[in-house]
Structures are given as C-alpha cells and as structure tokens.
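Chemist:
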Amino acid sequence: MVGLKEELLKAIWHAFTALDLDRSGKVSKSQLKVLSHNLCTVLNVPHDPVALEEHFRDDDEGPVSNQGYMPYLNKFILEKVQGNFDKVEFNRMCWTLCAKKNLSKSPLLISDEDAFKVWVIFNFLSEDKYPLIIVPEEIEYLLKKLTEAMGAGWQQEQFDLYKIALNTSREGLSAWELIELIGSGQFSKGMDRQTVSMAVNEVFNELILDVLKQGYMLKKGHKRKNWTERWFVLKPNIISYYVSEDLKDKKGDIILDGNCCVEALPDKDGKKCLFLIKCLDKSFEISASDKKKKQEWIQAIQTTVSLLRVGSPPPHKEARQKRKELRQKLLAEQEELERQMKELQTANENKQKELETVRKQLEAAAARAAEEEKKRLQTQVELQDRFSLELEREKMVRQKMEEQVAQKLSELEQYLQRVRELEEMYKQLQEALEVEKQARQDEETVRKLQARLLEEESAKRAELEKWHLQQQQTIQMTEAEKQELENQRMIKEQALQVAMQQLEQLELERKEALEQYEEVKKKLETAANNTRSWKDKVAHHEGLIRLIEPGSKNPHLITNWGPAAFTEAELEQRQKSWKGKKASSE
218 MVGLKEELLK
228 AIWHAFTALD
238 LDRSGKVSKS
248 QLKVLSHNLC
258 TVLNVPHDPV
268 ALEEHFRDDD
278 EGPVSNQGYM
288 PYLNKFILEK
298 VQGNFDKVEF
308 NRMCWTLCAK
318 KNLSKSPLLI
328 SDEDAFKVWV
338 IFNFLSEDKY
348 PLIIVPEEIE
358 YLLKKLTEAM
368 GAGWQQEQFD
378 LYKIALNTSR
388 EGLSAWELIE
398 LIGSGQFSKG
408 MDRQTVSMAV
418 NEVFNELILD
428 VLKQGYMLKK
438 GHKRKNWTER
448 WFVLKPNIIS
458 YYVSEDLKDK
468 KGDIILDGNC
478 CVEALPDKDG
488 KKCLFLIKCL
498 DKSFEISASD
508 KKKKQEWIQA
518 IQTTVSLLRV
528 GSPPPHKEAR
538 QKRKELRQKL
548 LAEQEELERQ
558 MKELQTANEN
568 KQKELETVRK
578 QLEAAAARAA
588 EEEKKRLQTQ
598 VELQDRFSLE
608 LEREKMVRQK
618 MEEQVAQKLS
628 ELEQYLQRVR
638 ELEEMYKQLQ
648 EALEVEKQAR
658 QDEETVRKLQ
668 ARLLEEESAK
678 RAELEKWHLQ
688 QQQTIQMTEA
698 EKQELENQRM
708 IKEQALQVAM
718 QQLEQLELER
728 KEALEQYEEV
738 KKKLETAANN
748 TRSWKDKVAH
758 HEGLIRLIEP
768 GSKNPHLITN
778 WGPAAFTEAE
788 LEQRQKSWKG
798 KKASSE
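The following block contains the structure:
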C-alpha cells in the first residue's frame, strides 16, 4: 500500500500544483473541495457530501484549516483507498486538471492521448521527491523501450550527448519536458505518428497496466471443443481474453497462481503450435500463430508463475526498484565519496597549514641558524684575533724573558767578575797577612791600611748585598711570571689548541732559561761557598781583613773595622790578644 500511495500522490501533486492561487498566494478551499470530491469518486472512497462541506468551510475551523491539506488528504482519502479503482480513470482525472495549464502549445508528434500516457509513465518512473523529475537513467530506459517498440535502432551516442547537455544544467526533466522531448521526435526520427503512438501505447500497457504480453491466439472451447480466435492479455496474476484488441468485449479470465504450469503439446486436429495452461480447476489449450509466438508465450507464462511462487513483483516494477536502489546506492557512495573527499580536503588543508607552519618554523630556524652561524663566525674571528693578540703577547713576554735572561747573564758575568776581584783581594789579603807576620812593627800602618781596606770591603759588601737583593727580586719575579704563564696556559689550554705547540716550545725555552738560571745559581752558591771558605781561612789567622757576609739581626757592634766586623766573643778575644801583645812589647 505504501507504493500505491506514492503513485497516487504523484498524480495528485500534479493536479494540486495546477490549481489557481488566490490573492494571498494560497489555493482556495473551494478548489480543494472539488479536487477532494473528484478523488473520492475515482478512488471509490466512501464520503459524505455534508462532511465534505464541513471540512472545507470558509473559516478557521475544520481539519483543512487546522492541519493543512496534505495531512487531510492522507487521513481522509488515501488511507481509505482499497485498490478497487480504475487507475486509468484516476490518472485521467488528474491529467485533466493539470494538462491544460502545463502542456506545451507547440505542435507535437504525439496526440493528447499519447501525451497522457507519457505523463502517467513519467509518474511511474520519476523519483520519490518533489518537485517531481525523471533522472537521465530513467529517461534512457524509457527511450530504449519506445525505440524497441518502434523496431528502430537505439542511438547511444546521440543520447550520451543529450545526457551531457542535460547534466550540465539540471538533474532531470519534468513531466511536461519529457512529453515535449518525446513529442519532438528527437529520438524517433524517420518514424510516423502512428508508429510512435503504438510504441507509447505498448510501453504504457507494460509499465502502467502491467501487461506482460498480448496478442491474438486460438483458444479451444470447453463445451463445444471448437477453436476461436481471441485477444489474450497477460498480467502478473491473470490472463484475460477478449473478442478483439479494443478490449471492449471480455470473454473470460485465466487466474494464475503458483500451482499453475504451462507445457507444449504436439500438433493435432490440424492445429499447430499448441501449448496447455494447467490450473487447479481447469486447463486451457492454446494455439499460437507460429513457433516463435508459442515459445514467447510459454516463456512469459512460466516467468509470471515463477514470480507468483516467490512473491516477486512484475519484472518492470522489480527492474525499476533495482534501478532506484542502484541510484540510491550510487548516490550514497557518491555522498560518502564527497564526504571523504571533503575530509581529505580538510585534512589536506590542515596538512598544508601544518606544512606551512613547519616551513615557516624551518625558515625561522634557518634564519636563526644563519644568525648563529654568523655570530659563531664573528666569535671565531674575534677568538682568532684574540689568540693572535695572545700569541703576540706571549712572543713579547718571551722576548722580554730572553732580554731578562740576557740581562741576568750579564749581571752574573759582572758578579763573577766581582768574585774574581774578591779572589784577587783575598790573595792580596794573604800577602798582607804574610807582611803582618814579617813586620809587626808596621801593624799600625797595616791596621790603618786594613781599616781602609775594610771600609772598601764594607762598601763592596753593601754592593754585593744590593746585588743579592736584586737577584732575589729577579728570582721572585721569575717565579711569579712562571706561575702567571702556567695559569694562563691552563685557562687557555682548550681554546688555544692551535697555539699549543708554540706554547710548549715556549715552555721548553723557559725551562732551558731556568736550567741556565739554576746553573748560574749553582755558580753563585759555589762562589758563596768559596767566600765562606775564605772567611773561615781568614778567621784562623790573625789577619787584618774579614770577608763581608750578611750580618745577624742582633744589634751590630761598630768598630774601626766597620759595622759587624767581629762578634762580641771575637772582639773580646782580640782585645785580650792586643793587650797581651801590647804588654809584651812594653
């Protein structure tokens, strides 16, 4: 009943949209009342004229005013349809209401009756959405059926061009555009008006009246057993036979069900191309005009019985349903594909944005890296300049150290010269002691000479102490410079890898200088030891001179020999010795 209701709604939609609108842009209730009355009449729906008047009163009361016409149509008319109505009469009523307003006034190759049949076929093949249209696939199906019925060849390339032009502008055709397309003869060139009309009628009978096959055959009577020509019409559950093809004088029906069967019979009684239709209550012997017709009828009846057994609809309705399901499936797949494409596009856009962000980040990172590289190179250049300066400074320090070492060597030579002078003086002192032993009488003269010599020696001793202090300061300075160089070398060890060999060379040279210095120091210590040995030798004699040596930190005793020339004990011993000598001389 749902499929029947949809088919009825399509025809009613055409009739409803053809009604005139009032000034407010709405269909008047009087027109809706007339339409409803006509629908109830052709659909055999029982209705009360008084109640109908109440439903369409010119006020705001009643179901039409409160709910609208479509809910009223469903509740009070369509839900009461039982199916015992004439579909052709129903469609003709709706056609009458809408054809005059919508049918093209230009001359067509088909008659108004044929246009009506095309309109009904349109309602059967159109999509179940409003406004009604027939899609290109159904147009192709209909045109192929018409071309086949006319016995012409199908022009696929011509239709493909038409389909491309149609798809670029809209989804499909309306009923009136379809009628104009068929009536224009665009796909039936070379065919006369009668041929096109017969083709439309054949397709109408198949798709709308469910006529699966029709034609003249001979039927054997059940009582008189005579053979009579009849016009047979095969439908999904019945075979009707008439006196002629105008269908005015119906002679009987053969009710088909799943228990029926059809079988071929051999020729007999002068009749050929026989076959038998077996039903539960009776059987029917039929004679076709030729073997081809016989085989076609047997095949068509067997197919119909098979469909009845499985409860399937007629082939054209099943094919239409499959085409719709296929279109819905393709549409769903297309929508799913579009959705996936949108998702992919969105994902692609997001990916592009991410890539753009990453690209910008990479560019920024590259810029930062370039800036850092520039800074690094600048820092490297600065470090190289600094290292160069440090190397120059090290070279200058080395040069100064070499100069200082040369100066120290010069001072050492001078010191050695002074030591040699002291040795010479020591020899002179020894000679003076010998003279003292030989001539005591010249003691005072020699003592004065010794005092003078002691004064000179004191001056020389002061000079030696000065040189000794300068030597100590030089040693301390050398040690401090050594420590400073060592600290600088430790700090710059990692950064100045390039200058390491030069620094090591400098270190070796410094060590050589230190070794030379140690050698000089040892020579100084040797000279000092020699001086002490001279002092010891002088101390054993009663000489007039005493080697100069650093004095103690105690208060110095000052004599005519000079400050700190003798200790107290030595001075006392010498005083006693002098007094004794003086006494003996007296």
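In short: position in the sequence shown from 1, add 217, done, that's the working numbering. Even glycine gets a Cβ: it sits at the ideal position worked out from N, Cα and C.
In this structure, how does DSSP classify residue 356 when only helix, strand and coil are distinguished?
Modeler: Here residue 356 sits in helix by DSSP.
Chemist: In the DSSP assignment, the beta strand (DSSP E) including residue 602 goes from what residue to what residue?
Modeler: Run containing residue 602: none in the beta strand (DSSP E); it sits in the alpha helix (DSSP H), 532 to 655.
Chemist: What's the gap between the Cα of residue 451 and the Cα of residue 426?
Modeler: Whole-angstrom Cα-Cα distance: 10 Å.
Chemist: Between the beta-carbon of residue 511 and the beta-carbon of residue 517, is there less than 8 Å?
Modeler: The answer is no: Cβ separation not under 8 Å.
Chemist: Helix, strand or coil, according to DSSP, for residue 400 in the structure here?
Modeler: If DSSP states are grouped into helix, strand and coil, residue 400 belongs with the helices.
Chemist: Nearest by alpha-carbon distance to residue 357: which of 399, 321, 327, 652 is it?
Modeler: The residue with the shortest Cα to Cα distance from residue 357 is 399.
Chemist: Can you give the Cα-Cα distance for residue 586 and residue 575, rounded to whole angstroms?
Modeler: When rounded, the distance between both Cα atoms is 15 Å.
Chemist: Could you pull out every residue in the same chain whose Cβ sits closer than 6 Å to the Cβ of residue 491, ignoring the five residues on either side in sequence?
Modeler: 482, 504, listed in sequence order.
Chemist: Roughly how many whole angstroms lie between the Cα atoms of residue 239 and residue 248?
Modeler: Approximately 11 Å between the Cα atoms of the pair.
Chemist: What residue from 651, 615, 622, 685 has the CA that sits closest to residue 635's CA?
Modeler: Of the candidates 651, 615, 622, 685, the one whose C-alpha sits nearest the C-alpha of residue 635 is 685.
Chemist: Going by the CB atoms, is the gap between residue 404 and residue 334 shorter than 8 Å?
Modeler: No; because the gap between Cβ atoms is not below 8 Å, this pair is not in contact.
Chemist: Can you tell which of 303, 261, 312, 792 has its C-alpha closest to the C-alpha of residue 233?
Modeler: Selected option, being the one with the closest Cα: 312.
Chemist: Is it right to say residue 563 is buried, meaning 16 or more other beta carbons lie within 10 angstroms of its own, or is it exposed?
Modeler: By the 10 Å Cβ count, residue 563 comes out exposed.
Chemist: With distance defined between alpha-carbon atoms, name the residue in 553, 611, 637 nearest to residue 741.
Modeler: Here the closest residue by C-alpha is 637.
Chemist: Are the stretch 606 to 613 and the stretch 717 to 725 in contact at 8 Å, needing three or more beta carbon pairs?
Modeler: Result yes; three or more Cβ-Cβ pairs closer than 8 Å.
Chemist: Kindly indicate which three-state DSSP category residue 468 falls into: helix, strand or coil?
Modeler: Strand, per DSSP.
Chemist: Which residue comes first and which comes last in the beta strand (DSSP E) that contains residue 481?
Modeler: First-last of the beta strand (DSSP E) with residue 481: 478 to 482.
Chemist: If you draw a straight line from the alpha carbon of residue 383 to that of residue 389, how long is it in whole angstroms?
Modeler: If I take the Cα positions, the gap works out to 7 Å.
Chemist: Checking 8 Å against the spacing of the C-beta atoms, do residue 502 and residue 345 come in under that value?
Modeler: For residue 502 and residue 345, no; Cβs fall outside 8 Å.
Chemist: For residue 405, which of helix, strand or coil comes out of DSSP?
Modeler: Coil.
Chemist: Given this structure, state the Cα-to-Cα distance separating residue 474 from residue 531, to the nearest angstrom.
Modeler: Computed Cα separation, rounded: 14 Å.
Chemist: From this set, 347, 409, 340, which residue's C-alpha is nearest residue 367's C-alpha?
Modeler: The residue with the shortest Cα to Cα distance from residue 367 is 409.
Chemist: Could you check what DSSP says for residue 372 in three-state terms: helix, strand or coil?
Modeler: Looking at residue 372 - three-state DSSP - the assignment turns out to be coil, as it is neither helix nor strand.
Chemist: Let's see if you can read the secondary structure: which residues bound the beta strand (DSSP E) around residue 262?
Modeler: It is not in any beta strand (DSSP E) - residue 262 carries neither H nor E in the DSSP assignment.
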